[in-house]
Amino acid sequence: MEVFKRKIESKKDILNLDIGFNPEVIFLFISLNFKEVESAIKEIKAKYEKSIIIGGTTSGEIIDQEVIDGTIVLAAVKFHKTKLKLYSGNLSSDSSTGYSSGEIFAKKIDQENLEHIFLLSDAQTLSAANLLKGMNNQLKPSISVTGGLASRNSFTDSNFIIDNGIIKQNCVIALAMYGDSLQVSYNAQGGWDSYGVECLVTKSKENRILEIDEQPALHFYQNHVDPKVLENIGDDGFNYPMKVRNEDHSNPVMRALLAIDEEEQSLIMSEDIPIGSYVRLMKGNIDRLINGAENSAKIIAEQSNHNHQLAILISCSGRRKVMGELVSEEIEAVTDQFPKNTETIGFYSYGEISPFFGFSKTSLHNLTMCITTFSEI
């Protein structure tokens, strides 16, 4: 397995690009602020027309121990034994079709000798959560899926993914990786602090929590957080997310609070929260968020004997907001756990996709550092 990575700041960098081998796949994580992005992608595709080219937009690019903006982070990979195949599917904007779309998409994928899927989509988080549940229902339990959601600056900005060198929207792509020579490690951890006891969702409708412990959900939230948080929930709500445990998530997952409905007294979450779910309010402490990311990598490094030739880090744009200027410290903490020759890239996303270490069933995460490493034997 050979890996080449580069930070591209202008089209001149593309003209000077010399990978040195014929890559089978090129990953492109692209800032929403990169100028002339379409022509840049076309030039990369023209130079490496035989390569699979995939990627998407970011809320910050990761390369080595840097978090940067306004660039394209490129990683080119040549596998010596692993076979690759790219699948893509169109998605409806109606989140209620997410589960069936996931089932249909998974059925398209040849699962014989399939080891891993790296998945990217520009779906909103609610649709993506249902998409993954549908895929889990059709994929063999041994097949792991990691990846992330292309990021945007707001709900109305134009994010996209790259499907074999073509910019697409309302789409999901899966890089299927075949053969027993492939080594894949993954983990997902947040590092958030508990801020209260676990409570029962007693009334909900889809992704709206209406009652918690038989009291209005918004009233519950108001009783636990600073009133100023409610004045700017789009930014400050990231500081007080919820950890959710239910039949879909025996291992609890973080869920972001997207908005509130004062008339309905509800909390609007990033995934359907069924009645009977248990939720716990969480709070961000920067040191412990960094420790959470570090522990996620440490478990991979200490409990697997893989070479970790390439590490792809996908963290949450909400974590970046919470950590501010200290965000690069979580990247440093992660990369310090791997060998010095591990090539590291990644991006800040609108949703992270990974199983927990030791499990294969994937989940959509919010506000979590997800790490995938690849190598060959």
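Numbering (the numbering used here), first residue to last: 5 to 381. Quick reminder that beta carbons are idealized off the backbone N, C-alpha and C, glycines included.
What are the start and end residues of the alpha helix (DSSP H) that includes V229?
-> Careful: V229 lies outside any alpha helix (DSSP H) and carries neither H nor E.
Taking only the alpha-carbon atoms, compute the straight-line gap between A301 and E202 and give it to the nearest angstrom.
-> 27 Å
Meets three-Cβ-pair contact criterion under 8 Å: the stretch 45–52 and the stretch 321–338 = no
Could you check which residue in L330, M373, I318 has the C-alpha nearest to that of G152?
-> I318
Could you tell me the distance, in whole angstroms, from the CA atom of V7 to the CA atom of K82?
-> 7 Å
Which runs of the alpha helix (DSSP H) spanning at least 4 residues fall entirely within the stretch 229–273, listed in chain order?
-> 231–235, 237–240
Helix, strand or coil: how does DSSP classify V338 here?
-> helix
Under 7 Å between the Cβ atoms of Y91 and A221?
-> no
Please report the Cβ distance between P245 and L330, rounded to the nearest whole angstrom; I am assuming they are in contact, meaning their Cβ atoms lie under 8 Å.
-> With 8 Å as the limit, P245 and L330 do not qualify as a contact, their Cβ atoms being about 18 Å apart.
Under 7 Å, do A305 and M373 count as touching if we go by C-beta distance?
-> no
Determine the direct distance from the alpha carbon of H253 to that of Y282, and round the result to whole angstroms.
-> 10 Å
Inter-residue Cα distance where the pair is A260 and I237 | 11 Å
Going by beta carbon distance, what residues of the same chain come within less than 7 Å of E210, once the five residues before and after it are set aside?
-> D276
T376 vs Y182 beta-carbon contact at 7 Å = no
Which runs of the beta strand (DSSP E) spanning at least 3 residues fall entirely within the stretch 78–110, listed in chain order?
-> 87–94
Can you tell me which of I171, L271, P231 puts its alpha carbon nearest to the alpha carbon of I216?
-> L271
Could you tell me if Q307 is buried or exposed, where buried requires 16 or more neighbouring beta carbons within 10 angstroms of its beta carbon?
-> exposed
Specify, as a first and last residue, the run of the alpha helix (DSSP H) that D291 falls within.
-> 290–307
Any chance the stretch 353–367 sits against the stretch 262–270, with 3 or more Cβ pairs inside 8 Å?
-> no
Determine contact between the stretch 21–39 and the stretch 69–84, defined as no fewer than three beta-carbon pairs at a distance below 8 Å.
-> yes
Which one or two residues does DSSP pair with T129 in a beta bridge?
-> Its beta-bridge partners do not exist; DSSP assigns none.
Collapsed DSSP secondary structure at D17 in the structure displayed | helix
Euclidean distance between Cα positions of L368 and D22 = 36 Å
For the alpha helix (DSSP H) containing I48, list its first residue and its last residue.
-> 41–51
If you drop the 5 nearest sequence neighbours on each side, which residues of the same chain put their C-beta closer than 7 Å to that of N295?
-> G195
Is H120 helix, strand or coil when you go by DSSP?
-> strand
Roughly how many angstroms separate the alpha carbons of T2 and H310, rounded to a whole number?
-> What the structure shows of the chain is the stretch from 5 to 381, and residue 2 is not part of that stretch, so it cannot be assessed.
May I have the straight-line CA-CA distance separating S131 from K54, to the nearest angstrom?
-> 32 Å
Simplified DSSP state of L136, which is helix, strand or coil = helix
DSSP on S332, reduced to helix/strand/coil?
-> helix
Strand pairing of G169, partner residues [DSSP] = In DSSP, G169 forms no bridge with anything.
Within the stretch 150–220, ranges of the beta strand (DSSP E) (whole runs, at least 3 residues) = 165–167, 170–172, 175–182, 186–193, 203–209, 212–216
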